[in-house]
Every structure is written in C-alpha cells, then in structure tokens.
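Everything below concerns the one structure shown next.
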Amino acid sequence: MTSPNGPAPAPDDSPLPARPRLIATDLDGTLLHDDKYVSDRTIAALAAAEQAGIEVFFVTGRPARWMDVVSEHVHGHGMAICANGAAVVDLHAGGKLLQVRPLERDTALEVVQALRDAAPGTTFAVELTTGIHYEPTYPPFHQDPGATVATAEKLLQEQVQQQVQVQEREQKQEDESAAPVVKLLAYHPDLTPDGFLTVARTAVGDRATITRSSPSALLEVSGPGVSKASTLALCCAQRGISSDEVVAFGDMPNDLEMLTWAGTSYAMANAHPDVLAAASGRTVTNNEDGVAIVIEQIVARRQSEGH
Numbered sequence: 063m064t065s066p067n068g069p070a071p072a073p074d075d076s077p078l079p080a081r082p083r084l085i086a087t088d089l090d091g092t093l094l095h096d097d098k099y100v101s102d103r104t105i106a107a108l109a110a111a112e113q114a115g116i117e118v119f120f121v122t123g124r125p126a127r128w129m130d131v132v133s134e135h136v137h138g139h140g141m142a143i144c145a146n147g148a149a150v151v152d153l154h155a156g157g158k159l160l161q162v163r164p165l166e167r168d169t170a171l172e173v174v175q176a177l178r179d180a181a182p183g184t185t186f187a188v189e190l191t192t193g194i195h196y197e198p199t200y201p202p203f204h205q206d207p208g209a210t211v212a213t214a215e216k217l218l219q220e221q222v223q224q225q226v227q228v229q230e231r232e233q234k235q236e237d238e239s240a241a242p243v244v245k246l247l248a249y250h251p252d253l254t255p256d257g258f259l260t261v262a263r264t265a266v267g268d269r270a271t272i273t274r275s276s277p278s279a280l281l282e283v284s285g286p287g288v289s290k291a292s293t294l295a296l297c298c299a300q301r302g303i304s305s306d307e308v309v310a311f312g313d314m315p316n317d318l319e320m321l322t323w324a325g326t327s328y329a330m331a332n333a334h335p336d337v338l339a340a341a342s343g344r345t346v347t348n349n350e351d352g353v354a355i356v357i358e359q360i361v362a363r364r365q366s367e368g369h
C-alpha cells in the first residue's frame, strides 16, 4: 500500500509479524492525535487492514459512551474493548454492551477504604455501565453533566436514580443500584502518578486490578484479573486467533499486559518508559501516525506476497 503522504518510514527496531490476523490498538496517545481525532491517514490504514482480512479491535480505557471519536471508522465486525477490559461493545450497534466483567461493589468498597487508609486525600469516581458519578472533590467530568455527586461509599451502597429521555426508554427513570461497576477511579492531588500506583497496588493486593493511563495521579481499578489483555485473549479465543497472530499498539501502563501478551507489539515513541521497555518494537508518535505507518507496511507486505 502506498501512503497518501508518501512512502512510510520504517518504525525503529520493529520487525514486522509474519501473518497477523488481528490488530489491537489503544486510542488516546496511540491511535488518536493529541486533539483526540483520527487522522485521514489512519482512517485509510484501518480500512486497508480490514480489506486485507485483518481484523481491528479498539482496546481502550474509555467507556463505551466515549467511543464516538472512532465509531465512524469501524469496518467489518466493529468490536471494541472498553474500560480497560471490563466491557466489550459493538460499535455498529451504537455501543451495545456484549459482555461486562464488573468490579463487585463489595470489593470496590474494600478498595475505597484501603486507599483512604494508605493515601489520605484520595478521592473517587464510580464508572457504571450507565454513566459516571463522583465525589465532591474529584476533578469534574465535563463530558458527563448528569453525574451524581456523593461519597464513594454512598454511590456504591445506595440506590442512584438517573433521569433519562422518555423517547429512549419507556420508563422515566432508570434504577442504577444494580448497574454493574466497570471501573473505580481514584485521584490523588499530591502524589506522583507512578508513586500512587505503587502505593495502591501494595494496599489493595490481588483484590482488584489497578493501572493508570493518565499523566496525572489518576488510577483505574477493575475487577481481579480484568485487563485489556485478558479480555482481548477471550475475544481472540472465540475467533480462533492465537496471541502470535496479534499486533498490539499502546503507550501507557494500562497497555502493558496487552503488549506483552501479543505476539508483536509496538510502543509509541511518546510512550511511558515501562511501555517502551516491554514492547517488542517501536513506532513514531501518535501525532505522527505511528500506528498507521506500521499498518501500511503490514498491508503492503501482504499485497506483495499475493494475499
């Protein structure tokens, strides 16, 4: 394939995989430019991959409702793994939930208490399948103006009512007390991001999976064993795809397990140092279309081999 921007430069120290069947890519800091949009070059590369018979999975920490940035650029199956592996959604069906791997509320309450004890000043948000709610001192989510503001304990223990549009649902209110918790978010105003991550993992142990993807001290807490990698492995197994047939891209600690699980992995040049060390290869930055460059080369080789 010839790039519309000319011949694609070779990624640094990055041997191409033999016969990939699936591309798994993170979004923020990886596929998306810093302006949170998909470039024309990347759109063309994603389409070319699917035309060549290579499936593309978006694998992100974002909730399903924040997938509109890529929902118009899906081809074939239109699958996405959201909330760091806690949800599998069908983007062709408007983000319909196909699978949820929740964080049990009792466990979430234990995590809240453990982090309050280990890192005083921590404040929380609770991400449900139906939306996010957060504590008064948590940095507000301007993308979610309908959020309930209360203590994490109250949000996790008590019934939350959310007004919904009548034309979207027959009832006027939706009871969120039973909505699955897909992620608990923990923010600390003073600790360093990696320092907070170390403290939290020590305090919580194996009760939950804790990672981060933000440049601030914002942690993401999922159910035990839930990660981008474990959910991607389940989805691949359903399709008869082995890890050796997967090419993965990422930039932050929440991508680490996925990058080490995939047979071939690429860290963006702008990636966290741990990601640069863990990936089998490296490409240029997200703003330079690093994912698209590798995809173009994979597709070009497949075409040259007559596939």
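Quick note: the sequence shown uses the numbering used here, first residue 63, plus one each step.
Virtual Cβ for every residue (Gly too), placed ideally from N, Cα, C.
Predicted model, so just to flag it, every value in this text is computed and none were measured.
Host beta strand (DSSP E) of residue i (start-end)
i	result
V288	That residue, V288, is in no beta strand (DSSP E); it is neither H nor E in DSSP.
D57	Any question about residue 57 goes unanswered here, given that the chain covers just 63 to 369.
T169	Per DSSP, T169 belongs to no beta strand (DSSP E); it is in the alpha helix (DSSP H), 167-180.
V412	Outside the modelled stretch of the chain, which goes from 63 to 369, sits residue 412, for which no answer is possible.
T185	185-190
H95	Element bounds for H95: n/a, residue is neither H nor E.
Y196	193-196
Nearest neighbour of residue i, chosen from the options [CA to CA]
i	options	result
L259	D179, P315, L89	P315
V132	Y200, A148, G157, A240	G157
R124	A148, A329, G287, G257	A148
L294	A176, L93, M141, V283	M141
A209	E215, Y200, G193, D179	G193
V121	L321, R364, R363, D336	L321
R167	I105, K245, P182	K245
A176	A339, G352, V353, T264	T264
A341	V150, N348, S327	S327
A111	V361, E367, S366	V361
G164	V150, A155, H154, V174	It is worth fixing the name first, because residue 164 is Pro in this sequence and not Gly. The candidate whose alpha carbon is nearest that of P164 is V150.
V283	A187, Y99, N349	A187
G267	V174, Q161, K98	V174
D88	T199, D256, V118	V118
A240	G257, Q219, D256	Q219
Residues sharing a beta bridge with residue i, DSSP
i	result
D252	In DSSP, D252 forms no bridge with anything.
R103	DSSP, once it has assigned bridges, lists no residue as partnering R103.
M141	D152
L281	A248, R274
F119	A86
K158	D152
V211	Y196
V261	According to DSSP, which records beta bridges pairwise, V261 is partnered with nothing at all.
V266	Beta-bridge pairing links V266 to no other residue.
First through last residue of the alpha helix (DSSP H) which encompasses residue i
i	result
E358	352-366
K216	214-219
V132	130-133
Within 7 Å, strictly: CB atoms of residue i and residue j
i	j	result
G325	V308	yes
A331	V346	yes
A291	W323	yes
R83	I355	no
A248	L281	yes
T92	F311	yes
E189	R269	no
R364	A106	no
H250	A181	yes
V371	T271	Outside the displayed range of the chain (63 to 369) lies residue 371, so it cannot be described from this structure.
L78	Q359	yes
R178	T184	yes
V211	P201	no
C144	A126	yes
R103	D351	yes
A214	L253	no
Minimum Cβ-Cβ distance from residue i to chain C less than 7 Å
i	result
V288	Within the model displayed, chain C is absent; a lone protein chain is all it includes.
Practice task
Counting only runs of 4+ residues fully inside the segment 300-342, write out the alpha helix (DSSP H) ranges in chain order.
Solution key: Those alpha helix (DSSP H) runs which fall completely within the segment 300-342 and span 4+ residues are 318-323, 335-340.
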